[in-house]
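Below you'll find the structure, written out as structure tokens, and then a few comments.
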Amino acid sequence: MKMWDLSIKRPKFTIVIMLVLLILGAVSLTRLPIQLFPDVEAPVAAVSTSYPGAGPEEVLNDVTENLEEELSTVSGLDQLTSQSLEGSSIVIMEFTADTDIEDVETEVVSTITQADLPDDAGTPAFLQFDPSMFPSIQLAVSGGGDEVPAFQEETASLERELSRVDGVASISESGSLTEQYEVVLDQAELENAGISQSDVVQVIRGQEAAVPGGVIVDEEQGETISTRILSELTSPEEIEELTVSQDPESGDAVPLSDVAEISLQTEEEDVITRVNQESSIQLDVMQESDADTTQVSSDFNEELDSLLDESEYSGLEAISLYDEGEYVQDSINSVITALVSGGILAMVVLFAFLRNLKTPLIIGIAIPFSIITTFALFFFTNISLNMMTLGGLALGIGMLVDNSIVVVENIYRHLSMKKTPKQAAADGTREVAGAITASTLTTVSIFLPVVFITGLVGDLFAPLSIAVAFSLIASLFVAVTIVPMIASRILTAPKEEVEKKRKNSSMMKRVERVSRWTLRRRAVVIAITFATLIIGALGLTTTGVEFLPDSDEGIALVEVEHEEGTTLGRTEETIAQIEEELDDDSDIESYLSTIGSTSQQGGLSSESHTAEIIVNLVDAGERDTTTAEFTESLADEIEDIDDAADIEVQDFAQAGLGGEPNTYSFTIEDPDSERLATKSGEIVEALEDESIIRSATSTEEETAPELQVSIDREAAEDEGLAPAQIAEAVNTATGGEVAGSITTDSNDTYNVNVRYADSVLESAENFEDISIPNQEGDYITLSDVAEIEEGQSPAVINRADMITSADFDVLYQASSDLSDASEVVDDVIDDVGLAGDAEFVVGGDQAMIDDLIGDVSLAFVLGLIFIYLVMAAQFESFKYPFIIMFTVPLFVIGVMLALTITQNPISAMALIGVIVLAGIVVNNAIVLVDYINQQKQKGLPTVEAIVSGVQDRTRPILITAITTILGIIPLALGIGEGAEIIQPMGIVIIGGLISSTFLTLFVIPVIYSLFDKSTRNMNKKFMTPDGQVVYKRDLDTDTTSVQPVDKREKYLASEHAATQETIETKDTKTNNEITTETKDQETKDQYSKDEIVGILEELVKKTKSSSDDNKNNNNNRE
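In case it helps, this note's numbering puts the sequence shown at residues 120 to 1237.
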């Protein structure tokens, strides 16, 4: 028993199955994790190594090069890049897309242990890229105008409470201050006492002990007791009384207080944070990798609000700077709204076409049931709700009704045959079940090549493909089970001959006339189609290219950078000027300034010469400008506010997947580092002269001032000092050293830092006078054993595949696009000229686009091949699928024109839309070609079969196309948070559907006629023996008695005259018959097509017979 028969005969059983699936889907929906995007497996890892006190060049020579040599042999490695900075080395490994980082982690860890590194270098650490390493929530906590020390304890307590929220992995803070006891040494007194800084450090360290002792055996008690030796400092007075030396003359003890001042000080700030010009502490919340972003956000904010209502935290104010959960929820809601709106529009179209409530009601049940069933499939295949899966459902909302429409329409046709509702439902479903199954498989087959798309695009496209495939399979199940069951209960036979009335409508007559015209003017139709394709291609050149559309998250980023070595206070002055400009802008809700850092999203620490301001705008509905427009306007206002600083303003794409917004990145590799530095400067200068370029930066420009200490080995040896001893003394003097800690009676712990007075290090001259004890106990100055020079050193040394490189970031105007920037960069590189062994390598979004085009092209071609093979199996023919494949250039026309008209750049989402389209548009052509074949099997000539097919299939084709288009319109409008990310996909599909639907009805018939033997030459002109010009399409018979029209003159000069004479001398009966047939021909419009063809055949036979008789008579005369 077929499924539809079972559902019709056992409706209660079918209803139970429906309810079970609905319950499963509803429960699954509540359990599905919600994300902005699917999980992205980035095959990237890094090895980080510290090398305290070493400059970038030392780090490169001693650490980075050794690590690169070892890591270059790791399996699956695609590219190896490195950064050698002050005191640290970072080696970044990019693997091929099919590499599992967890599989190579063991190999990497084993490899780095074999590297030959300096003894004082830290142990290399393996770091794997994980999206959860970026904060999902950022807060700024202030104390209502108080300075940080006044509220940092309450903030620390708040942080501890919030870290207990489910799903929160950790919370890091920046901007808080730490108190410690400073032991400030007097260099002159140290010399008098005959001691050094390191001596003081050792004395303090010697006061602390926490070591295990031996074991005491208590014979009386019969037990053993372990011992532990404890000693700790509990007050600053104890430190002051410590003996550090003895007076050589009196022998009296010299306490520490004689050579140093001890006081409780706030640790020097290295990072300053403030929100809306008030001192603040920034909290970055990292969520667990498998946590639900929206749920974590909801729970966190609920707990935060609850804690702030408590008296303990009443003095704190918390401002949300970024909340990915809220953005994700808003984005998901936007897509859901588009999905629901599309479904409603599709229902309205159905009612407008079908003009009854029962049929749209059946379809209306099919849509939500298919979607809810899809949620159950999501749950059992571990797929989350995200922009891509919901976008797939929104794209498929119009397609979900196609199968059900076909079934309902066929059931309705059987009802018009006076069948009972149950019989009509069974017969109607059975007739089309195979066709809609094949059609569904054809659409689904386009998604099979998704396995060949790797990297980021593959991670994005796979869930969308699965969503569309699942929803279509669910809709097929609904169409052959639930739809016939409901139809058999509520549909009734039509009261009038609807089909006859429809065929005689003015619209169908116009369709017939246009169809016949296109068949008569096939060359014109093909020429117009080809010209439109060319116009679309030309228009596409104006749209540009981008990887992913910029999302209007309402967050702007201001980055400030002074020269290396600029003090924190000087950088703060620049930020204060910018804050004044921001304070009066009504589009700004809040802004957080971080001075001493430009590290987005919890990245690496930075220096005092850098700063950033994260600007939060009001909701999109409350402002007149987009984020991109705001950033460009703000840049014009503040980029010249401080001539000593480089100031950049751009979108803060925290939730984005591409590179930095409006940024073109590239790298130049050159083994000659000096030549690279020169060329880099020329390139940056040339780029900044271009009108579309806002700024250009290069890592080769990053240098830091330094005092270079060159040790005189002979002088050092004369003093009994080794270079390492001198280096240690300098490092300790310049950086200070933590000697221990104090734990007070109230259980508060403070570090004890030993350092020289500020006056010792306030200038290069004073630095030269740092005292160093020699082997004999005398003191010498640093200048006695070393030469000190001021100079510049690179702040970072970059290498790519073990070749010196420079990274460039080019920020272009928001009104331009990536392709514009790419063209400008290419021109500049050509003008500057690179050496033969130097290489230009694109990066960022452009590199991803290059990879994307290759992957998508392969997937598209393979998808078309799969579609062709499925159709070949369906038609049992290779010719008809080939005809149907001509829908591809037809939809490409609409795609190109849609992108041109809307000026949407070619992007990953647009290309994914093209792949999806290929699986949709062939269905209309399948329906049309299949119907034409059916009409031919019934005996209709090819031309009449084509015209009839176009007439009869126009309505269902328009219904399915318009429902699909209207279902996608809300998505294409890009209304709501995050909707602009998948908007290009909607625009592409709508454009392709419009062009393919219209052109399929008229171009595919033309193509069909060209591949059919009987109509291939249908427009070729022939002349009958009586001199009349006819078309082959009017002669569906033997043409041996007629001649091509291009031989007319020769024909009329010979055979035609003889033939006419013979016809005139025929007996009266024959002439009368011919005359009668001729008159009948003149009135052929009163006959059917079959009758007209029969008359023409008879006329040709008789004419041929007359011609033969004439020839016989001539022979007899001879």
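Even for Gly, the Cβ is constructed at its ideal location relative to N, Cα and C.
Would residue i and residue j qualify as a contact pair, given that the criterion is a beta-carbon distance under 8 Å?
{"i": "residue 960", "j": "residue 944", "result": "no"}
{"i": "residue 633", "j": "residue 1121", "result": "yes"}
{"i": "residue 172", "j": "residue 389", "result": "no"}
{"i": "residue 461", "j": "residue 1075", "result": "no"}
Does the distance between the C-beta of residue i and the nearest non-hydrogen atom of the ligand MN fall short of 7 Å?
{"i": "residue 894", "result": "Inclusion of the ligand MN in the displayed structure is not the case, the ligand content being empty and no account of it being possible."}
Note down the Cα distance separating residue i from residue j, rounded to an integer number of angstroms.
{"i": "residue 992", "j": "residue 1123", "result": "20 Å"}
{"i": "residue 894", "j": "residue 834", "result": "13 Å"}
{"i": "residue 1030", "j": "residue 973", "result": "11 Å"}
{"i": "residue 533", "j": "residue 1047", "result": "20 Å"}
{"i": "residue 596", "j": "residue 511", "result": "19 Å"}
{"i": "residue 880", "j": "residue 874", "result": "10 Å"}
{"i": "residue 496", "j": "residue 589", "result": "7 Å"}
{"i": "residue 198", "j": "residue 234", "result": "19 Å"}
{"i": "residue 1158", "j": "residue 1064", "result": "With a pLDDT of only 46 at residue 1158, under 50, the local geometry of the prediction cannot be trusted, and no value is derived from it."}
{"i": "residue 336", "j": "residue 347", "result": "15 Å"}
{"i": "residue 782", "j": "residue 964", "result": "8 Å"}
{"i": "residue 419", "j": "residue 426", "result": "11 Å"}
{"i": "residue 330", "j": "residue 351", "result": "12 Å"}
{"i": "residue 847", "j": "residue 899", "result": "15 Å"}
{"i": "residue 919", "j": "residue 800", "result": "19 Å"}
{"i": "residue 855", "j": "residue 849", "result": "10 Å"}
{"i": "residue 387", "j": "residue 727", "result": "12 Å"}
Give me the Cβ distance between residue i and residue j, rounded to the nearest whole Å; I'm assuming they're in contact under 8 Å.
{"i": "residue 1114", "j": "residue 1013", "result": "3 Å"}
{"i": "residue 677", "j": "residue 731", "result": "6 Å"}
{"i": "residue 485", "j": "residue 563", "result": "Going by Cβ atoms, the distance from residue 485 to residue 563 rounds to 18 Å, so no, they are not a contact pair."}
{"i": "residue 310", "j": "residue 890", "result": "6 Å"}
{"i": "residue 530", "j": "residue 548", "result": "7 Å"}
{"i": "residue 151", "j": "residue 504", "result": "5 Å"}
{"i": "residue 598", "j": "residue 501", "result": "Contact doesn't hold; Cβ gap of about 27 Å is too wide."}
{"i": "residue 925", "j": "residue 807", "result": "With a Cβ gap of about 16 Å, residue 925 and residue 807 do not count as contacting."}
Assign residue i to one of three DSSP states: helix, strand, or coil.
{"i": "residue 136", "result": "helix"}
{"i": "residue 986", "result": "helix"}
{"i": "residue 676", "result": "strand"}
{"i": "residue 212", "result": "strand"}
{"i": "residue 412", "result": "helix"}
{"i": "residue 841", "result": "coil"}
{"i": "residue 124", "result": "helix"}
{"i": "residue 332", "result": "strand"}
{"i": "residue 170", "result": "coil"}
{"i": "residue 1054", "result": "helix"}
{"i": "residue 1071", "result": "helix"}
{"i": "residue 396", "result": "coil"}
{"i": "residue 419", "result": "helix"}
{"i": "residue 518", "result": "coil"}
{"i": "residue 150", "result": "helix"}
{"i": "residue 1178", "result": "Caution applies to residue 1178, whose pLDDT of 44 falls short of 50 and renders its modelled position unreliable; the model cannot decide the point."}
{"i": "residue 596", "result": "helix"}
{"i": "residue 298", "result": "strand"}
{"i": "residue 696", "result": "helix"}
{"i": "residue 1083", "result": "helix"}
{"i": "residue 352", "result": "strand"}
{"i": "residue 602", "result": "helix"}
{"i": "residue 715", "result": "coil"}
{"i": "residue 364", "result": "strand"}
(request) Counting only runs of 4+ residues fully inside the segment 431–511, write out the alpha helix (DSSP H) ranges in chain order. (result) 443–473 and 477–499
(request) Scan the segment 891–958 and note each continuous alpha helix (DSSP H) run of 4 residues or more that stays entirely inside, going in chain order. (result) 901–904 and 937–951
(request) Within the segment 733–790, note down every full beta strand (DSSP E) run reaching 3 residues or more, in order along the chain. (result) 765–770 and 782–788
(request) Run through the segment 1019–1067 for me and flag every whole alpha helix (DSSP H) of 4 or more residues, listed as ranges in chain order. (result) 1027–1056
(message) Ignoring anything shorter than 3 residues, give me the beta strand (DSSP E) runs that lie fully in the segment 371–396, in order along the chain.
(response) 372–374, 379–385 and 391–394
(request) Enumerate, from N- to C-terminal direction, the unbroken alpha helix (DSSP H) stretches of 4 or more residues contained entirely within the segment 177–208. (result) 184–190
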